[in-house]
Amino acid sequence: MTERQVKMIVLSTEDLDESIAFYTETLGFPLKFRDGNHFAALDGGTITLALATSLDHPIPGQVVVGIKTDDVDGDAKAVDDNGGGVAKGPYNDAHERRAVVYDSQGNGLTFYSPLRRD
2 MTERQVKMIV LSTEDLDESI AFYTETLGFP LKFRDGNHFA ALDGGTITLA LATSLDHPIP
62 GQVVVGIKTD DVDGDAKAVD DNGGGVAKGP YNDAHERRAV VYDSQGNGLT FYSPLRRD
């Protein structure tokens, strides 16, 4: 059986510095890491709160839920077969296998699984 965990919420930003300041100074979320001027991860406890510009955001302008899964390809197919849609089919980036999909109501999801390093 495939294991799934909601691990991340991705928010859009046009000004990463401003967004980081808001979430760290106003709300007190610690900064985990930053990738240039296009992505930052904040420690939200059991969930990572990610801030991303259009360069790194899977669906710019939307809130996207990141779901860690054992079966990116199978989950993307299940969504597509059951009333959702695939925005970007399964692919490997530098660290993970990913797919960007929409649920049956148009909400964005990213399935991901760390790549195995042999």
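Be aware that the sequence shown starts at 2, since it is given in my numbering, and climbs by one per residue. In this text, a Cβ means the ideal position worked out from N, Cα and C, and glycines have one as well.
- Following the DSSP letters along the chain, one finds ILE68 inside the beta strand (DSSP E) bounded by residues 65-70.
- Counting only residues of its own chain and dropping the five nearest sequence neighbours on each side, ASP71 has a CB closer than 7 Å to the CB of THR3, GLU4 and SER114.
- Under DSSP, LEU52 shares a beta bridge with LEU12 and ALA41.
- Closest in C-alpha terms to HIS58, from the list ALA22, GLY86, ASP36 and GLY45, comes ASP36.
- A Cβ-Cβ distance of about 6 Å is found for the pair VAL65 and THR111, placing them in contact under the 8 Å criterion.
- From the listed residues SER20, ASP18, VAL87 and ASP16, the smallest Cα separation to VAL73 is found for VAL87.
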